Amino acid sequence: MVYIAGWGHTKFGKLTDMSLEDMITAAGREALTDAGIGAEAVDGVWIGHFNGGLVPDGFPASLAMSIDPALRYKPATRLENACASGSAAVFAARQAILSGEARVALVIGVEKMTHLPTAEVAAALGHAAYQKEEAGLSFPGVFAMFAQAYFNRYGDQSQALARIAAKNHGNSVNNPLAQLQKPFDEDFCAEVSDRNPMIATPLKKTDCSLVSDGAAALVLVAEDLLGDVAKAVRMRAVAQVNDILPMSRRDLLAFEGPRKAIHAAYARAGISVGDLDVAEVHDCFTIAELLIYEAMGLAAHGHAADVLDGGVVHRGGRLPVNLSGGLKAKGHPVGATGVSMHTLVARQVIGQADAMQHPGAELGLVFNMGGSGVANYASILEGVKA
Numbered sequence: 001m002v003y004i005a006g007w008g009h010t011k012f013g014k015l016t017d018m019s020l021e022d023m024i025t026a027a028g029r030e031a032l033t034d035a036g037i038g039a040e041a042v043d044g045v046w047i048g049h050f051n052g053g054l055v056p057d058g059f060p061a062s063l064a065m066s067i068d069p070a071l072r073y074k075p076a077t078r079l080e081n082a083c084a085s086g087s088a089a090v091f092a093a094r095q096a097i098l099s100g101e102a103r104v105a106l107v108i109g110v111e112k113m114t115h116l117p118t119a120e121v122a123a124a125l126g127h128a129a130y131q132k133e134e135a136g137l138s139f140p141g142v143f144a145m146f147a148q149a150y151f152n153r154y155g156d157q158s159q160a161l162a163r164i165a166a167k168n169h170g171n172s173v174n175n176p177l178a179q180l181q182k183p184f185d186e187d188f189c190a191e192v193s194d195r196n197p198m199i200a201t202p203l204k205k206t207d208c209s210l211v212s213d214g215a216a217a218l219v220l221v222a223e224d225l226l227g228d229v230a231k232a233v234r235m236r237a238v239a240q241v242n243d244i245l246p247m248s249r250r251d252l253l254a255f256e257g258p259r260k261a262i263h264a265a266y267a268r269a270g271i272s273v274g275d276l277d278v279a280e281v282h283d284c285f286t287i288a289e290l291l292i293y294e295a296m297g298l299a300a301h302g303h304a305a306d307v308l309d310g311g312v313v314h315r316g317g318r319l320p321v322n323l324s325g326g327l328k329a330k331g332h333p334v335g336a337t338g339v340s341m342h343t344l345v346a347r348q349v350i351g352q353a354d355a356m357q358h359p360g361a362e363l364g365l366v367f368n369m370g371g372s373g374v375a376n377y378a379s380i381l382e383g384v385k386a
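Numbering (the UniProt record's numbering), first residue to last: 1 to 386.
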């Protein structure tokens, strides 16, 4: 088994005064300090960073050497898998430990986005699509296609999407790391207005995640080091599933890649959805979170709104989802997202999530997704030592 022993996390948002290197350094140093492990003990560094033209730093792996001089000459690698680049780094570091090539791994996810005009950010993110058919299609446009398909099959779900947006904005108030710590009520999220314009029908501004800067970091350790660390979260099971890239060759509403990844993680952990206490999932758009409820097994096809109506996924519910505020309100610095999700669920399952804490949480799901349900990473985290 591999364990998370420490973490670091910058605030997400418009970090004008921080470069990509500054964010890597800040999160990495915090994680090592939190784990109580010196840089000299680190066997390798894994960095999740999408980029896609967002910054000129096309070779960021060795920027981690700025964290501490003792990291010089350590192996460092950059991982990319669209919006799941952070989880790609986590999984690669875990594999290195399981293989015996490393005992201590430093994982960092990072992205710098807010310095560019929105249109340029959209163009860069659009590279994470099937260029033969989808070039020029923005990601709001991509997920609008999911929403249109869902509405056509199951009826207008605009109120359910508004409820997700309001839920996640409400949760963000308890997360000091969130980009937008501001509640919006369901009525505001449901209505088109000057402050909440339609972005890609039927998705409004409140249905879309934020453009963000930020970094998050984890220290992973091998099982034989458990006695040397003050806290530990077991990576009880993980699963990665990549689906075919062209949307035209998939049933969008089956959401097969996410479903297969999540249920493979359940099987490897020996659990079902009913055993989970908390989840952080990839709500790049509110329709994505709605579909993920079904992929998780919380609801049958077409009935995802039921878990919102029943309060299941709300704060205080049986399985609260995105207590951090999610990508919707916490922010979505693409390469950092997967690492941030692992950090926040790790905090939950050892009772260290502060105002975000779900009482008694011991077992949590992370689900991070790249592209339109293409690169899918699911992790089951379990609290072991606090």
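C-beta atoms are modelled at their ideal positions from N, C-alpha and C, and glycine is treated no differently. This one's a predicted model, so the numbers in the text were calculated from it and none came from an experiment.
Inter-residue spacing [alpha-carbon to alpha-carbon] between Arg234 and Ser193: Along the sequence shown, one-based indexing puts residue 234 at 234. Along the sequence shown, one-based indexing puts residue 193 at 193. Going from the Cα of Arg234 to the Cα of Ser193 covers about 45 Å.
So is Phe59 buried or exposed if we call it buried at 16+ other beta carbons inside 10 Å? Stepping through the sequence shown from its first residue, residue 59 is reached at position 59. Answer is exposed; the Cβ neighbour count stays below 16.
By DSSP's criteria, Lys330 is part of a beta bridge. Which residues make up the other side? Numbered from 1 along the sequence shown, position 330 holds the residue referred to as residue 330. According to DSSP, which records beta bridges pairwise, Lys330 is partnered with nothing at all.
Taking the alpha-carbon positions, what's the Glu280 to Arg347 distance? In the sequence shown, counting from the first residue as 1, residue 280 sits at position 280. In the sequence shown, counting from the first residue as 1, residue 347 sits at position 347. Roughly 12 Å separates the two Cα atoms.
Thinking C-alpha only, which one of Glu382, Ala336, Ile24, Val384 is nearest Ser212? Residue mapping note: residue 212 aligns to position 212 of the sequence shown, counting from 1. That would be Ala336, whose Cα lies nearest to the Cα of Ser212.
List the DSSP bridge partners of Glu280. Along the sequence shown, one-based indexing puts residue 280 at 280. BP columns for Glu280 point to Val366.
Limits of the unbroken beta strand (DSSP E) element including Glu382: As a working mapping, residue 382 is identified with position 382 in the sequence shown. Glu382 -> beta strand (DSSP E) spans 375 to 385.
Are at least three pairs of beta-carbons, each pair with one atom in the region 207 to 223 and one in the region 4 to 23, less than 8 Å apart? Proximity of the region 207 to 223 to the region 4 to 23 meets the contact definition, three or more beta-carbon pairs being nearer than 8 Å.
Which residue wins for smallest C-alpha separation from Ala264, given the options Val366, Ile4, Val45? One-based indexing of the sequence shown puts residue 264 at position 264. For Ala264, the nearest C-alpha among the options comes from Val366.
Three-state secondary structure (DSSP) of Gln240: By one-based count along the sequence shown, residue 240 stands at place 240. Note: Gln240 maps to strand in three-state DSSP.
Cutting at 6 Å between CB atoms, please list the residues of its own chain near Leu125, excluding the five before and the five after it. By 1-based counting over the sequence shown, the position of residue 125 is 125. These residues qualify, in order along the chain: Phe139.
Starting from the C-beta of Lys182, find all residues in its chain whose C-beta is less than 8 Å away, skip the five residues before and the five after it, and write them out in chain order. For the purposes of this step, residue 182 is taken as residue 182 along the sequence shown, with counting starting at 1. Same-chain partners within the cutoff: His169, Ser172, Val173, Ala329.
Out of Val345, Gly310, Ala254, Gly109, state which residue places its alpha-carbon closest to the alpha-carbon of His301. The residue labelled residue 301 in the question sits at position 301 within the sequence shown. Checked all of Val345, Gly310, Ala254, Gly109; the closest Cα to His301 is Ala254.
Inspect the beta-carbon positions of Phe285 and Phe143 and report whether they are closer than 7 Å. Here residue 285 is taken as the residue at index 285 of the sequence shown, counted from 1. Here residue 143 is taken as the residue at index 143 of the sequence shown, counted from 1. Result yes, Cβ atoms of Phe285 and Phe143 sit closer than 7 Å.
Say whether the region 371 to 383 touches the region 229 to 243, bearing in mind that this needs 3 or more beta-carbon pairs closer than 8 Å, one atom from each stretch. yes
Report the CB separation of Cys83 from Gly371 in whole angstroms; it is logged as a contact under 8 Å. Taking the first residue of the sequence shown as 1, we reach residue 83 at position 83. Taking the first residue of the sequence shown as 1, we reach residue 371 at position 371. Confirmed, about 7 Å.
Might you give, ordered along the chain, the residues of its own chain that have their beta carbon closer than 7 Å to the beta carbon of Val270, omitting 5 neighbours on each side? To locate residue 270, count along the sequence shown from 1; it is residue 270. Here the sequence assigns Gly to residue 270, which means Val is not the residue at that position. Here the set comprises nothing.
Could you tell me the boundaries of the alpha helix (DSSP H) in which Glu21 lies? Taking the sequence shown and counting its residues from 1, the one referred to as residue 21 is at position 21. Start and end: 20 to 35.
Burial state of Pro56, where buried means 16 or more other Cβ atoms lie within 10 Å: As a working mapping, residue 56 is identified with position 56 in the sequence shown. Burial call: exposed.
Tell me whether the beta-carbon of Arg78 lies closer than 7 Å to the beta-carbon of Ala61. Position 78 of the sequence shown, counted from the first residue, corresponds to residue 78. Position 61 of the sequence shown, counted from the first residue, corresponds to residue 61. Yes, the pair counts as a contact, with Cβ atoms nearer than the cut-off.
State yes or no: is the C-beta of Ser87 within less than 7 Å of the C-beta of Asn368? Position 87 of the sequence shown, counted from the start, is the residue given in the question as residue 87. Position 368 of the sequence shown, counted from the start, is the residue given in the question as residue 368. Yes.
Contact set for Gly364: own chain, Cβ-Cβ below 7 Å, skip 5 residues either direction: The residue given as residue 364 occupies position 364 in the sequence shown. Cβ within range, chain order: Leu276, Asp277, Val278, Ala279, Val345, Gln348, Val349, Leu381.
State the CB to CB distance for the pair Met356 and Ser324, rounded to an integer number of angstroms; the pair is presumed to be in contact (CB under 8 Å). Translated into positions along the sequence shown, residue 356 becomes position 356. Translated into positions along the sequence shown, residue 324 becomes position 324. Met356 to Ser324, Cβ: 6 Å. Contact.
Other residues of its chain near Leu308: CB distance less than 6 Å, five sequence neighbours each side excluded: What you label residue 308 is simply residue 308 of the sequence shown in a count that begins at 1. Answer for Leu308: Ala160, Arg163, listed in chain order.
Give me whichever residues DSSP pairs with Phe285 in a beta bridge. The residue labelled residue 285 in the question sits at position 285 within the sequence shown. According to DSSP, Phe285 bridges with Cys208.
Could you check whether the region 47 to 54 touches the region 244 to 251, counting it as contact only if at least three pairs of C-beta atoms, one from each stretch, sit closer than 8 Å? no
Endpoints, the beta strand (DSSP E) within which Val219 is located: What you label residue 219 is simply residue 219 of the sequence shown in a count that begins at 1. Per DSSP, Val219 belongs to the beta strand (DSSP E) from 214 to 222.
Less than 7 Å between the C-beta atoms of Val107 and Leu226, yes or no? Within the sequence shown, numbered from 1, the residue matching residue 107 stands at position 107. Within the sequence shown, numbered from 1, the residue matching residue 226 stands at position 226. No, the Cβ-Cβ distance between Val107 and Leu226 is not below 7 Å.
Thinking just about the alpha-carbon of each residue, which of Asp251, Ala237, Val312 is nearest to the one in Arg243? In the sequence shown, the residue the question calls residue 243 occupies position 243. Residue identity check: residue 243 is Asp in the sequence provided, not Arg. The shortest Cα separation from Asp243 among Asp251, Ala237, Val312 belongs to Asp251.
When Asp228, Glu256, Asp207, Ala267 are compared against Arg236, the one with the closest alpha-carbon: Locating residue 236 in the sequence shown gives position 236, where the first residue counts as 1. Nearest of Asp228, Glu256, Asp207, Ala267 to Arg236, Cα basis: Ala267.
Sequence-distant residues of its chain with Cβ nearer than 7 Å to Glu186 (five each side left out): Along the sequence shown, read from residue 1 onward, the residue named residue 186 stands at position 186. Cβ within range, chain order: Ala162, Arg163, Ala166.
Can you tell which of Gly109, Glu133, Leu137, Gln131 has its C-alpha closest to the C-alpha of Val121? In the sequence shown, the residue the question calls residue 121 occupies position 121. Closest option to Val121, Cα to Cα, is Leu137.
Kindly identify the DSSP beta-bridge partner or partners of Tyr3. The residue labelled residue 3 in the question sits at position 3 within the sequence shown. According to DSSP, which records beta bridges pairwise, Tyr3 is partnered with Val221, Arg234.
Continuous alpha helix (DSSP H) stretch holding Met198: start and end: Looking up residue 198 in the sequence shown gives position 198. Note, Met198: premise wrong, no alpha helix (DSSP H); beta strand (DSSP E) at 198 to 200.
Quick one: is Asp354 buried, meaning 16 or more other Cβ sit within 10 Å of its Cβ, or exposed? In the sequence shown, residue 354 corresponds to position 354, counting from 1. Exposed, because fewer than 16 other Cβ atoms sit within 10 Å of the Cβ of Asp354.
Exposed or buried, Lys132, counting other C-beta atoms within 10 Å across all chains shown (16 or more means buried)? Along the sequence shown, read from residue 1 onward, the residue named residue 132 stands at position 132. Classification of Lys132: exposed, given that the 10 Å Cβ count is below 16.
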